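Asks: Let me begin by handing over the structure; questions about it come next.
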Amino acid sequence: MGSKRQRKVRVDFRPNRQVRRRGDDWTRQYRAAEPRLDDSQRAESVRAKGDLSRKRTILVDEHDVPLVDEAAWRCGTVTKVHGLICTVRDAGAHPWECTVRRILRTRLIEARAPVVVGDRVWFSNQAAAYDGQPVGVIERVEERSTWLSRRAQRHREHAIVANAGQMLAVVSVAQPRLRPHLADRYIVAALKGGLRPILCFNKIDLLAAGLRTEDDSAERQSGLSVAGVIREFRDLGHTCVCTSAVTRTGLDELRAALQDQITVLAGQSGVGKSTLLNVLQPGLDLLTRPVSDATEKGRHTTTLAELLPLDFGGYVVDTPGIRAFDLWSVEPGELEAFFVEFVPYVPRCRFRDCTHRDEEGCAVLAAVAAGEISERRYYSYRKMFEEV
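Residue numbers (our numbering): 14 to 401.
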């Protein structure tokens with residue numbers, strides 16, 4: 014701890030310590046009818062006044078994270094988060110049930126989710142107070158090397174996982190139908206968080222001749238088939254795997270992509286994430302449910318993210334299905350960098366701050382008109398640009 018840069022900050026006590034539950038004149042009100050006696054010390058107070066009395070001093074590092082005595086705590090990885098309880102696997106692979114120190118939770122929640130699956134944490138041993146049970150309190154969260162987040166309600170960050178190496182975005186070709194724009198979102202979110210994106214086109218057994226994507230007007234105009242969308246992503250250099258849990262198609266290729274890696278699974282409800290995991294890792298017995306025939310929407314079965322070990326090497330983080338994936342912390346000016354086909358043309362644009370929408374002399378627009386950039390991908394970029 015001595016080698017870390019540290020400084021002192023003043024932080025608030027718990028809110029209920031800052032609110033006075035009642036006034037200090039209740040006795041006088043009760044004896045309002047009695048004669049009053051002068052008290053020369055009536056103005057004295059045993060309670061401190063001012064903001065300083067409502068704060069405490071703690072040591073934090075350069076990231077404003079509270080410092081702890083690392084020699085006294087254990088280090089581990091968060092494998093599951095359920096409400097205020099986190100399951101942490103220590104260096105010996107033993108599970109501990111941990112809560113998060115309140116002061117840590119208060120300081121971190123303003124900037125990001127306090128603790129997510131994959132976080133490396135330091136926790137104190139509280140087993141003595143719980144009859145020897147492996148119970149602890151998380152005292153510190155290490156800085157994240159990678160992350161996957163989305164924008165939740167009230168424009169807040171919903172952090173899904175930390176410190177994974179790659180993201181497997183599972184999309185189905187039917188039931189629910191393929192949505193290429195959603196796949197584009199997953200790629201941008203993965204690249205923003207430092208993850209390697211892999212696209213898994215699941216339920217390939219349902220792919221029939223002539224089946225087309227039906228997402229929005231731009232994609233209907235492009236008229237791309239499912240095979241055309243897959244070929245488009247492969248031509249961009251993205252790893253694509255076509256799978257089916259029913260016919261066992263592509264499972265060997267998928268297993269090779271996951272081996273010895275920490276992979277986070279992302280995808281809509283009903284695309285078959287849990288079914289694929291059950292086939293790849295027998296014994297998991299993850300709950301699965303059918304897709305609604307009326308709406309072609311999946312039903313939530315996975316309710317929380319969990320880090321699961323694979324017998325053939327590596328880990329996967331199974332996450333709850335998400336019907337909408339809004340990008341988080343992606344600035345409009347950096348969006349172009351996540352569309353790899355735009356990168357060679359951006360320096361040729363006439364204006365340095367070109368947004369590639371309607372500017373004169375835009376090299377990206379010229380490439381779209383010449384067929385060098387996919388029209389579908391370009392409209393996906395424009396849609397995301399308006400959203401971020």
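Each residue gets a CB set at the ideal place from its N, CA and C atoms; glycine is no exception. Every value quoted in this text rests on a predicted model; they were computed, and no experiment measured them.
Could you tell me whether the stretch 318–326 touches the stretch 262–278, using the rule of 3 or more Cβ pairs below 8 Å?
Replies: Touching, per the Cβ criterion.
Asks: Is G311 helix, strand or coil by DSSP?
Replies: A caution first: G311 carries a pLDDT of 42, below 50, which makes its placement in the model unreliable, though a value can still be read off. G311 falls in the coil class under three-state DSSP.
Asks: Please determine, among G89, F352, L348, the residue with the shortest C-alpha to C-alpha distance to A106.
Replies: Closest option to A106, Cα to Cα, is G89.
Asks: What are the partner residues of V134, as DSSP defines its beta bridges?
Replies: Per DSSP, G89, V154.
Asks: Please specify which runs of the beta strand (DSSP E), each continuous and at least 3 residues long, are wholly inside the stretch 248–283, giving them in chain order.
Replies: Taking only runs of at least 3 residues, the beta strand (DSSP E) segments lying wholly in the stretch 248–283 are 252–255, 275–279.
Asks: Beta-carbon separation of S426 and N176 under 8 Å?
Replies: Given that the chain is displayed from residue 14 to residue 401, the structure contains no residue 426 and the question cannot be resolved.
Asks: Is I173 buried or exposed, if buried means 16 or more other CB atoms sit within 10 Å of its CB?
Replies: Buried, because 16 or more other Cβ atoms sit within 10 Å of the Cβ of I173.
Asks: If you draw a straight line from the C-alpha of R195 to the C-alpha of R102, how long is it?
Replies: Residue identity check: residue 195 is Leu in the sequence provided, not Arg. Using only the alpha carbons, I get a separation of about 33 Å.
Asks: Quickly, what does DSSP pair L320 with across the bridge? List them, please.
Replies: In DSSP, L320 forms a bridge with V330.
Asks: Provide the residue span of the alpha helix (DSSP H) that contains E354, from first to last.
Replies: Unbroken run through E354: none, as it is neither H nor E.
Asks: Could you give the distance in angstroms between the alpha-carbon of V304 and the alpha-carbon of L264?
Replies: Because V304 carries a pLDDT of 49, less than 50, the predicted location of this residue cannot be relied on, and no value is offered for it.
Asks: Using 10 angstroms around the beta-carbon of S230, count the other beta-carbons present and answer buried if the total reaches 16, otherwise exposed.
Replies: At S230, the pLDDT of 44 sits below 50, so the modelled position is not reliable and the matter cannot be decided from this model.
Asks: Can you tell me where the alpha helix (DSSP H) holding A379 begins and where it ends?
Replies: Residues 376–382.
Asks: For the beta strand (DSSP E) containing V184, list its first residue and its last residue.
Replies: Start and end: 179–185.
Asks: For a test of the three-state rule: what should DSSP assign to N291, helix, strand or coil?
Replies: In this structure, N291 counts as helix in the three-state DSSP scheme.
Asks: Alpha carbon to alpha carbon, how far is V329 from L317? Give it in angstroms, no decimals.
Replies: Roughly 13 Å between the two C-alpha positions.
Asks: Count the other C-beta atoms from every protein chain shown that fall within 10 angstroms of the C-beta of Q146, then say buried if there are 16 or more, exposed otherwise.
Replies: Exposed, because fewer than 16 other Cβ atoms sit within 10 Å of the Cβ of Q146.
Asks: Using three-state DSSP, classify P147 as helix, strand or coil.
Replies: Coil.
Asks: With a threshold of 6 Å on Cβ separation, who are the neighbours of E385 within its own chain once the five nearest residues in sequence on each side are excluded?
Replies: For E385, where only same-chain residues beyond five positions count, there are no Cβ hits under 6 Å.
Asks: By Cβ distance below 8 Å, which residues in the same chain neighbour L290 in space, the five residues on each side in sequence not counted?
Replies: Around L290: L278, L297, L299, L321, V329, D331.
Asks: Which two residues bound the contiguous alpha helix (DSSP H) that contains L204?
Replies: Segment 193–205, the alpha helix (DSSP H) holding L204.
Asks: Hey, how far is the Cα of R198 from the Cα of R153?
Replies: Each residue's alpha carbon lies about 32 Å from the other.
Asks: For M397, which of G131, D339, K286, I217 has the nearest alpha-carbon?
Replies: Among G131, D339, K286, I217, the Cα nearest to that of M397 is on D339.
Asks: Which class does L161 belong to by DSSP, given the choice of helix, strand or coil?
Replies: Correct three-state label for L161: strand.
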